[in-house]
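In the numbering used here, the protein residues as written are 696 to 1022.
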């Protein structure tokens, strides 16, 4: 596993507001900590369990570097359940209303929350859980946050939207545009299509990449710079749902081939600070823009991308009528 280069020494988030989903643990927490150390404020933690978010908040503000370099930092905690439609829409409504009431914008949104399940499971929405969290809810949240991000762009700073993807999309099972006579996303809710946990995770990341690429055709980089980052193999607890008999294998792989979590945070922050409009719609890995798979960028991938976009928007429009009007 390649090592992640150091974050450039002049990197700063001074005066910037940052929202990070899934930020009470793992890479989300590490990124929130680094953002605070680099001067960000307010930093918003969007988490499934508020009590755990409050514990994370206290820990972040107690960090010696934060206390020294950013002593007036503000950290706020919001409830966000990516497994339910109401969890996403309620969060977005409250978060946006609070920003408007305070006369605040949002400079950076890092959509980090994600899951990998080793067995088939339905979310409360009726959709397969990994599809729901990693693709559908992430896509919906991105659309709901876009107007706030766009309104925060000014001559000195272009707002950023970063979605966490994965190099595992290169191994996704989808290799051709689905047949026209099926609804592909709906078909993924059938247990027979689930396969192995890593396979579904890879597919979910390919789907959100297709969505992001199509979104970037509709949103100018002058308004919001949108990119996606693969942190590579990082020592986190994303594999907390791994069966007990595979846990030693995962630990061994992480021990010999993973980058430390701090390096993953470096990569997240670099992608929303030091990388500019040239990254719009692109994939960032190991501190550099990296080619997508030939399938993604080829003619068949373009057809599939349009198909995934249309099916995704059909789902999201039923949840939030008019959500497509944001773009």
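Each residue gets a CB set at the ideal place from its N, CA and C atoms; glycine is no exception.
Item to check | Nearest neighbour of residue 755, chosen from 775, 734, 999 and 996 [CA to CA] | outcome: As a first step, residue 755 must be located in the chain shown, where it is residue number 60. Answer by Cα proximity: 734.
Next on the checklist: Which residue wins for smallest C-alpha separation from residue 893, given the options 698, 811 and 817?
Outcome noted: Sequence index remark: in the chain shown, residue 893 carries index 198 (1-based). Taking only the C-alpha atoms, the option nearest residue 893 is 811.
Item to check | Three-way DSSP call (helix, strand, coil) for residue 908 in this model | outcome: For the purposes of this step, residue 908 is identified with residue 213 of the chain shown, where counting begins at 1. In this structure, residue 908 counts as helix in the three-state DSSP scheme.
Checklist entry - Nearest CA to the CA of residue 799: which residue from 846, 873, 740 and 880? => result The residue labelled residue 799 in the question sits at position 104 within the chain shown. Comparing Cα-Cα distances from residue 799 to each of 846, 873, 740 and 880, the minimum goes to 846.
Checklist entry - By how many angstroms is the C-alpha of residue 829 removed from the C-alpha of residue 921? => result Residue numbering aside, residue 921 sits at position 226 when the chain shown is read from its first letter. Residue numbering aside, residue 829 sits at position 134 when the chain shown is read from its first letter. Each residue's alpha carbon lies about 17 Å from the other.
Checklist entry - Pick from 1000, 717, 721 and 705: whose alpha carbon is nearest that of residue 958? => result Within the chain shown, the letter at position 263 stands for residue 958. Selected option, being the one with the closest Cα: 721.
Checklist entry - residue 976 to residue 802, Cα distance in whole Å? => result In the chain shown, counting from the first residue as 1, residue 976 sits at position 281. In the chain shown, counting from the first residue as 1, residue 802 sits at position 107. One C-alpha to the other measures close to 18 Å.
Checklist entry - Taking all protein chains shown into account, do 16 or more other C-beta atoms lie within 10 angstroms of the C-beta of residue 878, making it buried, or fewer, making it exposed? => result Residue numbering aside, residue 878 sits at position 183 when the chain shown is read from its first letter. Exposed, since its Cβ has fewer than 16 Cβ neighbours within 10 Å.
Next on the checklist: Just to confirm the assignment: which complete alpha helix (DSSP H) runs, minimum length 4, are found wholly within the segment 945-1020?
Outcome noted: 956-966, 989-992 and 994-1014
Checklist entry - Any idea what DSSP makes of residue 923, helix, strand or coil? => result By 1-based counting over the chain shown, the position of residue 923 is 228. In this structure, residue 923 counts as strand in the three-state DSSP scheme.
Item to check | Between the CA atoms of residue 1003 and residue 962 - distance to the nearest angstrom | outcome: Counting from 1 along the chain shown, the entry for residue 962 is found at position 267. Counting from 1 along the chain shown, the entry for residue 1003 is found at position 308. Each residue's Cα considered, the two are about 28 Å apart.
Checklist entry - Can you give the Cα-Cα distance for residue 936 and residue 849, rounded to whole angstroms? => result Translated into the one-based positions of the chain shown, residue 936 becomes position 241. Translated into the one-based positions of the chain shown, residue 849 becomes position 154. The predicted position of residue 936 is uncertain, since its pLDDT is 49 and thus under 50; a value taken from the coordinates is nonetheless stated next. Looking at the two C-alpha atoms, the distance is approximately 42 Å.
Checklist entry - Expressed to the nearest angstrom, what Euclidean distance is found between the alpha-carbon atoms of residue 815 and residue 1015? => result Position 120 of the chain shown, counted from the start, is the residue given in the question as residue 815. Position 320 of the chain shown, counted from the start, is the residue given in the question as residue 1015. Cα-Cα distance, rounded: 27 Å.
Item to check | Burial state of residue 740 (16 or more Cβ within 10 Å) | outcome: Here residue 740 corresponds to residue number 45 of the chain shown, with the count starting at 1. Looking at its Cβ environment, which holds 16 or more other Cβ atoms inside 10 Å, residue 740 is buried.
Checklist entry - What's the call for residue 1009, buried or exposed, on a 16-neighbour Cβ count within 10 Å? => result The sequence position of residue 1009 within the chain shown is 314, counting from 1. Label assigned to residue 1009: exposed.
Checklist entry - Where does residue 789 fall in DSSP's three states? => result Looking up residue 789 in the chain shown gives position 94. In the structure shown, residue 789 sits in a helix (DSSP, three-state: H, G or I).
Item to check | Sub-9 Å separation of residue 834 and residue 1011 beta-carbons | outcome: Reading the chain shown from its first residue, position 139 is the one you call residue 834. Reading the chain shown from its first residue, position 316 is the one you call residue 1011. Yes. Within cutoff.
Next on the checklist: With a threshold of 7 Å on Cβ separation, who are the neighbours of residue 873 within its own chain once the five nearest residues in sequence on each side are excluded?
Outcome noted: Taking the chain shown and counting its residues from 1, one reaches residue 873 at position 178. 879 and 1002.
Checklist entry - Tell me which same chain residues have a C-beta within less than 6 Å of the C-beta of residue 943, skipping the five on either side of it? => result Along the chain shown, read from residue 1 onward, the residue named residue 943 stands at position 248. In this prediction, residue 943 scores a pLDDT of 44, lower than 50, which makes its location untrustworthy; no coordinate-derived value is stated.
Item to check | Beta-carbon separation (whole angstroms), residue 738 vs residue 770, contact threshold 8 Å | outcome: Looking up residue 738 in the chain shown gives position 43. Looking up residue 770 in the chain shown gives position 75. Yes, they are in contact, since the Cβ atoms of residue 738 and residue 770 sit about 5 Å apart, within 8 Å.
Checklist entry - Expressed to the nearest angstrom, what Euclidean distance is found between the alpha-carbon atoms of residue 705 and residue 868? => result To locate residue 705, count along the chain shown from 1; it is residue 10. To locate residue 868, count along the chain shown from 1; it is residue 173. Going from the Cα of residue 705 to the Cα of residue 868 covers about 41 Å.
Checklist entry - Does the beta-carbon distance from residue 978 to residue 860 come in below 9 Å? => result In the chain shown, the residue the question calls residue 978 occupies position 283. In the chain shown, the residue the question calls residue 860 occupies position 165. Cβ atoms of residue 978 and residue 860: closer than 9 Å.
Checklist entry - Using a Cβ-Cβ cut-off of 6 Å (strictly less than) and excluding sequence neighbours within five positions of residue 1007, which residues of its own chain qualify? => result Stepping through the chain shown from its first residue, residue 1007 is reached at position 312. Hits under 6 Å: 834 and 906.
Checklist entry - Around the C-beta of residue 852, are 16 or more other C-beta atoms found within 10 angstroms, so that it is buried, or is it exposed? => result The residue you call residue 852 lines up with position 157 of the chain shown. Looking at its Cβ environment, which holds fewer than 16 other Cβ atoms inside 10 Å, residue 852 is exposed.
Checklist entry - How many Å lie between residue 821 and residue 911 at the Cα? => result Residue 821 sits at position 126 when you count from the first residue of the chain shown. Residue 911 sits at position 216 when you count from the first residue of the chain shown. Between residue 821 and residue 911, the C-alpha separation is close to 29 Å.
Checklist entry - Any heavy atom of the ligand MN closer than 8 Å to the CB of residue 744? => result Ligands displayed in this structure: none; no statement on the ligand MN is therefore possible.
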